[in-house]
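Visitor: Questions regarding the structure given below will be posed in turn.
Number of protein chains: 2
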Amino acid sequence: MEKNELPADVAAMWRLREPPRRGPKPSLTLDDIVRAAIELADAEDLAAVSMARVAERLGNSTMALYRHVKSKDELLVIMSDAALERPEPMPADVDWRTGLTFWADGVLTAIRKHKWYAKLPISGPPAGPNNLAWFDSALGALKDTGLPEPAKVGVVMGLITYVQGEIRVAFDLAAGYAEDPSAFTQFGSTLARVVDPRVYPAVSRLVEAGVFDEVGSFEEDNEADFDFGLQLYLDGVAAFIERVKRG
Amino acid sequence: MEKNELPADVAAMWRLREPPRRGPKPSLTLDDIVRAAIELADAEDLAAVSMARVAERLGNSTMALYRHVKSKDELLVIMSDAALERPEPMPADVDWRTGLTFWADGVLTAIRKHKWYAKLPISGPPAGPNNLAWFDSALGALKDTGLPEPAKVGVVMGLITYVQGEIRVAFDLAAGYAEDPSAFTQFGSTLARVVDPRVYPAVSRLVEAGVFDEVGSFEEDNEADFDFGLQLYLDGVAAFIERVKRG
DNA sequence: TGTAACTGCGTATTAGATACGCTAAATAGC
DNA sequence: GCTATTTAGCGTATCTAATACGCAGTTACA
Numbered sequence: 003m004e005k006n007e008l009p010a011d012v013a014a015m016w017r018l019r020e021p022p023r024r025g026p027k028p029s030l031t032l033d034d035i036v037r038a039a040i041e042l043a044d045a046e047d048l049a050a051v052s053m054a055r056v057a058e059r060l061g062n063s064t065m066a067l068y069r070h071v072k073s074k075d076e077l078l079v080i081m082s083d084a085a086l087e088r089p090e091p092m093p094a095d096v097d098w099r100t101g102l103t104f105w106a107d108g109v110l111t112a113i114r115k116h117k118w119y120a121k122l123p124i125s126g127p128p129a130g131p132n133n134l135a136w137f138d139s140a141l142g143a144l145k146d147t148g149l150p151e152p153a154k155v156g157v158v159m160g161l162i163t164y165v166q167g168e169i170r171v172a173f174d175l176a177a178g179y180a181e182d183p184s185a186f187t188q189f190g191s192t193l194a195r196v197v198d199p200r201v202y203p204a205v206s207r208l209v210e211a212g213v214f215d216e217v218g219s220f221e222e223d224n225e226a227d228f229d230f231g232l233q234l235y236l237d238g239v240a241a242f243i244e245r246v247k248r249g
Numbered sequence: 003m004e005k006n007e008l009p010a011d012v013a014a015m016w017r018l019r020e021p022p023r024r025g026p027k028p029s030l031t032l033d034d035i036v037r038a039a040i041e042l043a044d045a046e047d048l049a050a051v052s053m054a055r056v057a058e059r060l061g062n063s064t065m066a067l068y069r070h071v072k073s074k075d076e077l078l079v080i081m082s083d084a085a086l087e088r089p090e091p092m093p094a095d096v097d098w099r100t101g102l103t104f105w106a107d108g109v110l111t112a113i114r115k116h117k118w119y120a121k122l123p124i125s126g127p128p129a130g131p132n133n134l135a136w137f138d139s140a141l142g143a144l145k146d147t148g149l150p151e152p153a154k155v156g157v158v159m160g161l162i163t164y165v166q167g168e169i170r171v172a173f174d175l176a177a178g179y180a181e182d183p184s185a186f187t188q189f190g191s192t193l194a195r196v197v198d199p200r201v202y203p204a205v206s207r208l209v210e211a212g213v214f215d216e217v218g219s220f221e222e223d224n225e226a227d228f229d230f231g232l233q234l235y236l237d238g239v240a241a242f243i244e245r246v247k248r249g
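Going down the list, the sequences are from chains A and B.
Numbered per the numbering used here, the first sequence spans residues 3 to 249.
Numbered per the numbering used here, the second sequence spans residues 3 to 249.
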């Protein structure tokens, strides 16, 4: 119950597997595999990541990969941590609010490089080294707030939740948009045709107010919405910090 | 450019397909298929939903389904809307804050019945009738705030983002927990073993403070975290509403 | 009544994950 | 050095799933 109870994928992410003493030199490393898989996902998409395609990219056979990962799912878990890379170090001497805004933008920037991230299932706590580094970075931003540790965790969890929501909503939408923009540009007129004011009074009001008419740049709109919601959340955090300070 | 430019899946969700005049009476309806698929996903999980299993459940052949849905993906999209069902009507005369809290709890309650929801890809704007009803309900809660329509949309989008984040994070985690609780109960000691204080100073502080030691009920912890973050967000919204009122 | 528009379905194809076992390489211990 | 052991790569086989295609029987309309 003490030595190596770590789940296999966690151990793999931290590269804790002791290198074998015997046997042929591996011609392939876990890093190679993960890198190839990420490149493939970046270049095409997550659906293109099959064990066969990854192996092909490495000039190996499909089954060779299974010497390094237990299953495709394990590979995906490791990819999800690797894709985040390390957070850029927080600029020194920034207040917590600037810090968390910087952090949130950083997460989105990191993930924007790997749009498939949103489609990955999360199957455990953020136990990979990169994930943990991001977690640490956000916590660090709250260092001087005077909040007790569990409260910091709560604030950061809320932020993570919000950011994950953005990742899910915005990135999936963007993928859908890329696939069929007309579904979006016509969203307003679709609604107009389908929305009964008696059933959907509030949406109906929006349609009449023309809120859906100017679509704008999809990405910019999303960015603006994200920032707006983020600042609302941080306003709430600010009030909370004040409350705690006053006791 | 006017008649029926609706994307196929949207049309399907709204049941806009005109019933065919000729040919044999369908022995199968889209509703049957969606219901069967949802039952299957509820009883087992999303991975169990294959066209073959759904058809089997209906006493039909696999290929019969394809007369009613274009592809499995289309079925999943329709399922995702159907799973939400209709929101419970908002209690009359509640203030916006109570309304939005009620709303958020309602979403989670609805989705808790269908844990597979978190694993579904979202591939377009919320264009299904149930999705739209939820959207409408949240907007309606802001009716008396005096916010301009686009600001209401912003507030609701932020809320949706947060709730979707919760769905992604908490539900995926719960699934992971169900599968392998030890990964979670040992999370603290895992961290302790792996966390270098120089690399992860803030997390290291948490570990030392024992924050991860008492695990508590997984579900309860999550619920509490969700509410905490939600209230922070709503605090921000309250401040925003005040700001707008003052001009 | 013939025919066009359908439905359900059997069959076949394709893609993908992965179990199994073989062969050859590298090392540890003699 | 020699041999047993451990391990890497890989060929083959299996299993599951999605789905294209075309046939046969069914029904409304001309």
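All residues carry an ideal CB built from backbone N, CA and C; glycine is no exception.
The model shown is predicted, which means the values in this text are computed figures rather than measured ones.
From which residue to which residue does the alpha helix (DSSP H) around Leu-175 of chain A run?
Guide: First-last of the alpha helix (DSSP H) with Leu-175 of chain A: 174-181.
Visitor: Pick helix, strand or coil for Arg-245 of chain A, following the three-state DSSP scheme.
Guide: If DSSP states are grouped into helix, strand and coil, Arg-245 of chain A belongs with the helices.
Visitor: Could you tell me whether any Cβ in chain B is nearer than 9 Å to the Cβ of Tyr-119 of chain A?
Guide: No, its Cβ sits nowhere closer than 9 Å to a Cβ of chain B.
Visitor: Is the segment 225-243 of chain A touching the segment 150-164 of chain B in the sense that three or more CB pairs, one from each, lie closer than 8 Å?
Guide: Short answer: they touch.
Visitor: Distance check for Ala-112 of chain B and Ala-10 of chain B, CA to CA, integer angstroms please.
Guide: When rounded, the distance between both Cα atoms is 26 Å.
Visitor: Of all the beta strand (DSSP E) runs that stay within the bounds of the segment 117-147 of chain A, which reach a length of 3 or more residues?
Guide: DSSP runs (the beta strand (DSSP E)) wholly in the segment 117-147 of chain A: none.
Visitor: Helix, strand or coil for Ser-82 of chain B, going by three-state DSSP, please let me know.
Guide: Correct three-state label for Ser-82 of chain B: helix.
Visitor: Between which two residues does the alpha helix (DSSP H) carrying Lys-154 of chain A extend?
Guide: Residues 151-168.
Visitor: Val-12 of chain A lies in the alpha helix (DSSP H); which residues open and close that run?
Guide: 10-15 is the span of the alpha helix (DSSP H), which, as asked, contains Val-12 of chain A.
Visitor: Find the nearest neighbour of Arg-37 of chain A within the set A:Pro-26, A:Pro-28, A:Lys-27, A:Val-51, judged by alpha-carbon distance.
Guide: Checking every option, the nearest Cα to that of Arg-37 of chain A belongs to A:Val-51.
Visitor: For Met-3 of chain B, which three-state DSSP category applies?
Guide: Here the model assigns Met-3 of chain B a pLDDT of 35, short of 50, so the residue's position is not dependable and the matter cannot be decided.
Visitor: Using beta-carbon positions only, say whether Leu-42 of chain A and Arg-59 of chain A come within less than 9 Å of one another.
Guide: Cβ distance < 9 Å, so Leu-42 of chain A and Arg-59 of chain A count as in contact.
Visitor: Assess, as a yes-or-no matter, whether the segment 25-40 of chain B is touched by the segment 204-218 of chain A under the definition of 3 or more beta carbon pairs within less than 8 Å.
Guide: Touching, no, given that fewer than three Cβ pairs across the two stretches are closer than 8 Å.
Visitor: Tell me, please, whether the CB atom of Val-155 of chain A is closer than 9 Å to any CB atom in chain B?
Guide: Closer than 9 Å to some Cβ of chain B, the Cβ of Val-155 of chain A qualifies, so yes.
Visitor: Which residues in chain A have a C-beta closer than 9 Å to the C-beta of Ala-50 of chain B? List them in chain order.
Guide: Chain A residues near Ala-50 of chain B: none, gap ~15 Å exceeds 9 Å.
Visitor: Terminal residues of the continuous alpha helix (DSSP H) containing Ala-38 of chain A?
Guide: Run containing Ala-38 of chain A: 32-45, per the alpha helix (DSSP H) assignment.
Visitor: Thinking just about the alpha-carbon of each residue, which of B:Lys-145, B:Gly-130, B:Ile-35 is nearest to the one in Ile-243 of chain B?
Guide: Among B:Lys-145, B:Gly-130, B:Ile-35, the Cα nearest to that of Ile-243 of chain B is on B:Lys-145.
Visitor: List, in order along the chain, the chain A residues whose C-beta lies closer than 8 Å to that of Ala-84 of chain B?
Guide: The contacting residues do not exist; Ala-84 of chain B stays about 16 Å from chain A at best.
Visitor: Closest by CA to Lys-117 of chain B, which one among B:Leu-175, B:Val-79, B:Ala-129?
Guide: Nearest C-alpha to Lys-117 of chain B: B:Leu-175.
Visitor: Look at the Cβ atom of Asp-44 of chain B, then the Cβ atom of Lys-154 of chain B, and state whether they are nearer than 9 Å.
Guide: Cβ atoms of Asp-44 of chain B and Lys-154 of chain B: not closer than 9 Å.
Visitor: Would Glu-4 of chain B be called buried (16 or more neighbouring beta carbons within 10 Å of its own) or exposed?
Guide: Model confidence at Glu-4 of chain B stands at a pLDDT of 37, short of 50, so the residue's coordinates are unreliable and nothing is read from them.
Visitor: Relative to the alpha-carbon of Ala-14 of chain A, which residue among A:Arg-24, A:Ala-57, A:Lys-72, A:Asp-107 has its alpha-carbon at the smallest distance?
Guide: Measuring from the Cα of Ala-14 of chain A, the nearest candidate turns out to be A:Lys-72.
Visitor: In chain A, which residues lie less than 8 Å from Trp-16 of chain B when you measure between Cβ atoms?
Guide: Here the neighbours are Val-196.
Visitor: By the three-class DSSP mapping on this structure, what secondary structure does Met-92 of chain B have?
Guide: Reduced to three states, the DSSP call for Met-92 of chain B is coil.
Visitor: In angstroms, rounded to a whole number, what distance separates the CA positions of Arg-250 of chain A and Val-96 of chain B?
Guide: For chain A, the structure presents residues 3 to 249; residue 250 of chain A sits outside this window and is missing.
Visitor: If you scan the segment 45-70 of chain A from start to end, which runs of the beta strand (DSSP E) of 3 or more residues do you find wholly inside it?
Guide: With a minimum length of 3 residues, no continuous beta strand (DSSP E) run stays inside the segment 45-70 of chain A.
Visitor: How long is the line joining the alpha carbons of Val-201 of chain B and Ala-177 of chain B, rounded to whole angstroms?
Guide: Going from the Cα of Val-201 of chain B to the Cα of Ala-177 of chain B covers about 30 Å.
Visitor: Check the C-beta distance from Ile-35 of chain A over to His-70 of chain A and give it rounded, since I have them as a contact under 8 Å.
Guide: Right, their Cβ atoms sit about 6 Å apart.
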